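Everything below concerns the one structure shown next.
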Amino acid sequence: MKKKKLSELQVTGIVICSLFEVILLVCLVGMIVTADSQPFLPMGGVVLLFMVLMGVFIFAIARDRMLPETVQSLYGRLLGGAFTARGQRDQHRRLINAARLYAQENNRKSLEQLLELEPDCIADDDFAAVYAFMALNHSRLGDHREAVSFYLNSLAYIPGQPRLLSNLSACLTRLGRYDEAIAYGMKAIELNDMDAFALSNTAYALMRAGREREAIELAERSLELNELQAQPIKVLCLAWYRLGDMQKSSCYYNMGRAKGFPAQYLDPTS
């Protein structure tokens, strides 16, 4: 399982807290060593030890509750708007925990918590967030039909979410429903034409539908925005291969291999 990546701010906080704890421990050891010559220090040492232990305990809880940066950046607004009514603090905490479980790829446990949370939904934002993470978990587990159903449920409560529309497009492509995938992908692009993943997912659907020229245009735009993606390179390899331009297909294949993407994934003949 891929480890979650912490932001620079989170890493800095961890380093500062760790250094602070080391300093306190050094001071504590010094107090204990010199306790015979300074009788008043043992009590101070006990207090300091208590402070250190409390600091470690609080920091451990805070670190455990931090959402991975990718989940926070992609779905932070969706999570932040859910369960904000008075008396719903516990529901909000449970939703964040379910999102954390999703990020840790503990998808079945995340789904269990979301199903328990569903009856507590009141506002549109509550339903939208719960159904969106149900969809994300089902997609991760390979159940794309259920994922499509929950994405549609989420979008029924809060329409016009580019990220959810793009995810829905990707799931529909996996089910072979290319025309629907293209339609939802184009909606996502209309809402945010700088979303590299929406462009990539729509390009892939277009390629599968046999619309290679359109796929190439979107894949190139996606790659310009984020050159670290594998999918648009795969699209360009296959689309140019289908159009008979082996030189361009080979060029993108070599580009993908140079970035470390698997040969089998990029191979337009596979």
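Residue numbering for the sequence shown is 26 to 295, as defined by this note's numbering. Don't be surprised by glycine CBs; every beta carbon is placed ideally from N, CA and C. A quick note: this is a predicted structure, and the numbers were derived from the prediction, not measured.
Checklist entry - Hey, out of Arg-170, Arg-133 and Leu-140, whose CA is closest to Asn-162's CA? => result Arg-133
Checklist entry - Going by C-alpha distance, which of Asp-149, Asp-218 and Glu-239 is nearest Ala-228? => result Glu-239
Item to check | Pair within 8 Å by beta-carbon distance, Met-232 and Leu-253 | outcome: Leu-253 is positioned such that its CB atom lies no closer than 8 Å to that of Met-232.
Item to check | Limits of the unbroken alpha helix (DSSP H) element including Thr-109 | outcome: That residue, Thr-109, is in no alpha helix (DSSP H); it is neither H nor E in DSSP.
Checklist entry - Does the stretch 184-196 touch the stretch 208-225, meaning 3 or more C-beta pairs lie closer than 8 Å? => result Contact between the stretch 208-225 and the stretch 184-196 is present: three or more C-beta pairs spanning the two stretches fall below 8 Å.
Checklist entry - Since Glu-137 is in the alpha helix (DSSP H), which residue starts that stretch and which ends it? => result 132-142
Item to check | Same chain, Cβ closer than 6 Å to Phe-152, five either side skipped, listed in chain order | outcome: Around Phe-152: Cys-146 and Tyr-182.
Checklist entry - In terms of alpha-carbon separation, which member of Leu-197, Gln-97 and Arg-236 lies closest to Ser-174? => result Leu-197
Next on the checklist: Considering just the uninterrupted stretch of the alpha helix (DSSP H) at Glu-252, what are its terminal residues?
Outcome noted: Run containing Glu-252: none; DSSP gives neither H nor E here.
Next on the checklist: Less than 8 Å between the C-beta atoms of His-169 and Leu-140, yes or no?
Outcome noted: No, Cβ-Cβ distance for His-169 and Leu-140 is not below 8 Å.
Item to check | Buried or exposed (CB count within 10 angstroms, at least 16 for buried), Gln-272 | outcome: exposed
Checklist entry - Taking Cβ to Cβ, would you say Arg-119 is nearer than 8 Å to Leu-99? => result Taking 8 Å as the Cβ cut-off, Arg-119 and Leu-99 do not qualify as a contacting pair.
Checklist entry - If we call anything under 8 Å between Cβ atoms a contact, is Ser-247 one with Leu-224? => result yes
Item to check | For Phe-222, the first and last residue of its enclosing alpha helix (DSSP H) | outcome: Its alpha helix (DSSP H) spans residues 221-233.
Next on the checklist: So, with DSSP's three-state summary, where would you put Asn-122?
Outcome noted: helix
Checklist entry - Where does the unbroken alpha helix (DSSP H) through Thr-297 begin, and where does it stop? => result Outside the displayed range of the chain (26 to 295) lies residue 297, so it cannot be described from this structure.
Checklist entry - With burial defined as no fewer than 16 other Cβ atoms inside 10 Å of the residue's Cβ, what is the status of Arg-102: buried or exposed? => result Classification for Arg-102: exposed.
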